[in-house]
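In the working numbering, the protein residues as written are 4 to 107.
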């Protein structure tokens, strides 16, 4: 499938976003019609205690990574990019609703 559809890595910052909003963003990502995608959620919480409050159900196409400490938004995004596997990168914000064909 990769030859026909290159992997798209969507990077989403979390840490200051409520868990219900994070879950809504994951649901929005899941509804994307592009077939070969991954969502990298960068848990950029102020403390590791706060980071532990974010619990995402394990999925093949959704990855949750914790930053070692709170980073600026740009550095946190770069941290997520460093773990991405895709040839194409997309920003995915937890407080936006995206149409199902956005990644296409």
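Glycine included, C-beta positions come from ideal geometry on N, C-alpha and C.
The structure displayed is predicted, hence computed values, not measured ones.
Problem set entry | Pairwise C-alpha distance: residue 36 and residue 49 | 34 Å
For this session: Alpha carbon to alpha carbon, how far is residue 45 from residue 20? Give it in angstroms, no decimals.
Result: 11 Å
For this session: With DSSP as the reference, please indicate the residues paired to residue 67 in a beta bridge.
Result: 44
For this session: Along the beta strand (DSSP E) that carries residue 17, what are the first and last residues, could you check?
Result: 11 to 17
Exercise. For residue 12, does the count of other Cβ atoms within 10 angstroms reach 16, so buried, or fall short, so exposed?
Worked result: buried
For this session: Report the residue from 89, 39, 63 whose alpha carbon sits nearest the alpha carbon of residue 7.
Result: 39
Problem set entry | C-alpha gap between residue 107 and residue 34, whole angstroms | 12 Å
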